[in-house]
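Novice: Residue numbers (the numbering used here): 16 to 360.
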Amino acid sequence: MNRNRKIVIAPAANSLISILLAMAAGGIILLAIGKNPLTLYGQLVLQGLGSSLGIVETIIKMAPMLIVSAGLILVFSAGLWNLGVEGQFLMGAMLTGWLAPALVSHVNFPLYLAVLAGVGLLGGVAWAVLPAVLKARYDLNEIITTLMMNYVAINFVSYLVKGPIKDPSVVPAQTLLIPMSHRMPMIPSTRIHIGLIAGLVLVVGIHWLIRRTTLGFEPRVLFANRRAAIHTGMPVARITLWTLLVSGGLAGLAGAVDVLAIKGLFQSGWNPHYGMACIPIVFLARLNGWAVIPLAAFFSFLSVGGEFVARDQGVPIYFIHLLEGLSLLFFAAGEYIERRGQDKK
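#1: Please determine, among R253, P331, V90, the residue with the shortest C-alpha to C-alpha distance to I221.
#2: Helix or strand or just coil, what does DSSP make of H208?
#3: Contact between the stretch 258-270 and the stretch 294-301: three or more CB pairs below 8 angstroms?
#4: Should T205 go down as buried or exposed, given a rule of 16 or more other Cβ atoms within 10 Å for buried?
#5: For W96, is the classification buried or exposed, using 16 other Cβ atoms within 10 angstroms of its Cβ as the cut-off for buried?
#6: Any heavy atom of the ligand FMN closer than 7 angstroms to the Cβ of M201?
#7: Just the Cα atoms here: how many angstroms apart are V122 and A115?
#8: If you reduce the DSSP assignment to three classes, tell me which class S30 lands in.
#9: Run through the stretch 74-152 for me and flag every whole alpha helix (DSSP H) of 4 or more residues, listed as ranges in chain order.
#10: Assuming the contact rule is C-beta atoms closer than 8 angstroms, I332 and G321 should be a hit. Round their C-beta distance to whole Å, please.
#11: Which value, in whole angstroms, describes the spacing of the CA atoms of A325 and L53?
#12: What is the C-beta distance between F124 and H197, in whole angstroms, given that I count them as a contact (C-beta under 8 angstroms)?
#13: Under 8 angstroms by Cβ, that's how I've got G284 and Q103 pegged, so tell me the actual separation to the nearest angstrom.
#14: Going by beta carbon distance, what residues of the same chain come within less than 6 angstroms of G42, once the five residues before and after it are set aside?
#15: Counting only beta-carbon separations shorter than 8 angstroms, does S318 have a partner in chain D?
#16: Which residue comes first and which comes last in the alpha helix (DSSP H) that contains Y166?
#17: Let's see if you can read the secondary structure: which residues bound the alpha helix (DSSP H) around P194?
#18: Looking at the unbroken alpha helix (DSSP H) that takes in V186, where does it start and where does it end?
#19: Buried or exposed for D327, going by 16 or more other Cβ atoms inside 10 Å?
#20: According to DSSP, simplified to helix, strand and coil, what is M38?
#21: Excluding the 5 residues flanking I245 on each side, which residues of the same chain have their C-beta closer than 8 angstroms to its C-beta?
#22: When you compare only the Cα positions, how much space is there between V219 and L55?
#23: Whose C-beta lies closer than 6 angstroms to the C-beta of Q282 among residues of the same chain, with five residues either side of it excluded?
#24: Could you give the distance in angstroms between the alpha-carbon of P183 and the alpha-carbon of L192?
#25: Return the chain-ordered list of same chain residues with a C-beta closer than 7 angstroms to the C-beta of G63, the five sequence neighbours on each side being excluded.
#26: Grouping DSSP H, G and I as helix and E and B as strand, with all else coil, what is M291?
#27: Using CA atoms only, rank isn't needed, just tell me which of L36, S33, M38, P79 is closest to L14.
#28: What whole-angstrom Cβ distance do I308 and I88 have, given they're in contact under 8 angstroms?
#29: Which residue's Cα is closest to the Cα of G410: T229, I335, G248, L217?
#30: Take A151 and list the residues in its own chain whose beta-carbon comes closer than 6 angstroms to its own, dropping the five residues that flank it on each side.
#31: If we ignore side chains and look at the alpha-carbon of each, how far apart do K50 and G133 end up?
#32: When you compare each of G178, K177, L149 to M164 by their alpha carbons, which one comes out closest?
#33: Is the beta carbon of A311 sitting closer than 8 angstroms to the one on M77?
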């Protein structure tokens, strides 16, 4: 019983310590640039959790993070990397922002939502196809290919929104505004859209798929020992394809949700960088869907509070991304120390 408790507590402690060390390191950096970390962190808490607006915004921002994280749990569980989340997200968001105004008067509302969710998902899948095929067919490093696809996507959507799909009635480069009546509906008696429910369902569903089903068992075998998976006759190429494509599709779906629920349009230069946030979330959660939920809430709180703090304290907005990166760095160091300790035993 004690041993089982240690197995659960030790990883959670490592993740928590990694976050605390990242905050401490961030405090040292703030001191170095002449800022008071206690003041900044105090305002971060007050702005993110000390007001109803901050709490609601934190919960709302969780939705796309949960959806992206669900896809990353799947692909990382197969020992594969999808660093193309930014591009896949933007493709899903761009397609949704472009097509939504055209569909408003042609289909009923439930079908409208279903079609746009499918469009966003397919946009993400389309942007993951090339890296997935290159990995499955030629074993080409998916870290490089998915990462490079981000740069292509950023420039491609920028070209489209400044030209072919731009709303000609306004000066800024953006698509037509989606009417409020055709935005994503709210959870009853709240100001939180139903995308949050979708995110929670997807994270828990992917967790269940990986831990409880034969289909999910195959990616875990691939992660544990690729050679063994090949030797036992597992369809490695097929596993590689479907995990990368599902991960890309969920990133595109997150883009569709953000446009339909929050933005109401797609504009040039917009990129919330959910990939930068969700990769640390998934690793700190040890690929556990249940652990992703509180971590997504925490990183969402950092993001929301960080926007207020950046404006009021004169700290760069990317300071929050720095904390996210430091969390992952300390987590990796903790993993290394933990494994060295196990090897010595």
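Note that the Cβ used here is the ideal one computed from N, Cα and C, for glycine as well.
The structure presented is a predicted model; accordingly, all values stated were derived computationally and were not measured.
Specialist: The structure says:
#1: As a first step, residue 221 is located in the sequence shown; it is residue number 206 there, counting from the start. Nearest to I221 by alpha-carbon distance, out of R253, P331, V90, is V90.
#2: Against the sequence shown, residue 208 aligns to sequence position 193. Secondary structure of H208 (DSSP, three-state): strand.
#3: The answer is no - the stretch 294-301 does not touch the stretch 258-270, with fewer than three Cβ pairs under 8 angstroms.
#4: Within the sequence shown, residue 205 is the residue found at index 190, counting from 1. Counting Cβ neighbours within 10 Å, T205 comes out exposed, since fewer than 16 surround it.
#5: Numbered from 1 along the sequence shown, position 81 holds the residue referred to as residue 96. With 16 or more other Cβ atoms within 10 Å, it is buried.
#6: Here there are no bound small molecules, and the ligand FMN is not part of this structure.
#7: Along the sequence shown, read from residue 1 onward, the residue named residue 122 stands at position 107. Along the sequence shown, read from residue 1 onward, the residue named residue 115 stands at position 100. Cα to Cα, the separation comes out at about 11 angstroms.
#8: Your numbering for residue 30 matches position 15 in the sequence shown. The answer is helix: DSSP assigns S30 an H, G or I state.
#9: Complete alpha helix (DSSP H) runs here, min 4: 100-118.
#10: Taking the sequence shown and counting its residues from 1, one reaches residue 332 at position 317. Taking the sequence shown and counting its residues from 1, one reaches residue 321 at position 306. For I332 against G321, the beta-carbon gap comes to about 7 angstroms, under 8 angstroms, which counts as contact.
#11: Taking the first residue of the sequence shown as 1, we reach residue 325 at position 310. Taking the first residue of the sequence shown as 1, we reach residue 53 at position 38. Straight through space, the alpha carbons of L53 and A325 are spaced by roughly 15 angstroms.
#12: Taking the sequence shown and counting its residues from 1, one reaches residue 124 at position 109. Taking the sequence shown and counting its residues from 1, one reaches residue 197 at position 182. About 7 angstroms; that satisfies the 8 angstroms criterion.
#13: Looking up residue 284 in the sequence shown gives position 269. Looking up residue 103 in the sequence shown gives position 88. About 18 angstroms separates the two Cβ atoms, so there is no contact after all.
#14: Translated into positions along the sequence shown, residue 42 becomes position 27. Taken in chain order, the residues that qualify are P52.
#15: The structure shown contains no chain D; it is built from a single protein chain.
#16: The residue given as residue 166 occupies position 151 in the sequence shown. Counting along the chain, Y166 sits inside the alpha helix (DSSP H) bounded by residues 157-177.
#17: If you number the sequence shown from 1, residue 194 lands on position 179. Unbroken run through P194: none, as it is neither H nor E.
#18: Along the sequence shown, one-based indexing puts residue 186 at 171. It is not in any alpha helix (DSSP H) - V186 carries neither H nor E in the DSSP assignment.
#19: Translated into the one-based positions of the sequence shown, residue 327 becomes position 312. With fewer than 16 other Cβ atoms within 10 Å, it is exposed.
#20: Locating residue 38 in the sequence shown gives position 23, counting from the first residue. Taken through DSSP and simplified to helix, strand or coil, M38 comes out as helix.
#21: By one-based count along the sequence shown, residue 245 stands at place 230. Here the set comprises V251.
#22: Your numbering for residue 219 matches position 204 in the sequence shown. Your numbering for residue 55 matches position 40 in the sequence shown. Whole-angstrom Cα-Cα distance: 34 angstroms.
#23: For the purposes of this step, residue 282 is identified with residue 267 of the sequence shown, where counting begins at 1. These residues qualify, in order along the chain: Q189.
#24: Residue mapping note: residue 183 aligns to position 168 of the sequence shown, counting from 1. Residue mapping note: residue 192 aligns to position 177 of the sequence shown, counting from 1. Each residue's alpha carbon lies about 12 angstroms from the other.
#25: The count along the sequence shown starts at 1 and reaches residue 63 at position 48. Within the same chain, G69, T73, F316, V319, G320 come within 7 angstroms of G63 by CB-CB distance, once the 5 residues on both sides are set aside.
#26: For the purposes of this step, residue 291 is identified with residue 276 of the sequence shown, where counting begins at 1. DSSP places M291 in helix when its eight states are reduced to three.
#27: Because the chain here runs from 16 to 360, residue 14 falls outside it and cannot be looked at.
#28: Sequence index remark: in the sequence shown, residue 308 carries index 293 (1-based). Sequence index remark: in the sequence shown, residue 88 carries index 73 (1-based). Not really, about 12 angstroms apart at Cβ, beyond 8 angstroms.
#29: Past the edges of the chain, shown from 16 to 360, lies residue 410, and the structure says nothing about it.
#30: Within the sequence shown, numbered from 1, the residue matching residue 151 stands at position 136. The beta carbon of A151 lies closer than 6 angstroms to those of A252, T255, L256 in the same chain, with the five residues before and after it left out.
#31: Your numbering for residue 50 matches position 35 in the sequence shown. Your numbering for residue 133 matches position 118 in the sequence shown. Cα to Cα, the separation comes out at about 46 angstroms.
#32: Within the sequence shown, numbered from 1, the residue matching residue 164 stands at position 149. Nearest option by C-alpha distance: L149.
#33: By one-based count along the sequence shown, residue 311 stands at place 296. By one-based count along the sequence shown, residue 77 stands at place 62. Yes. Within cutoff.
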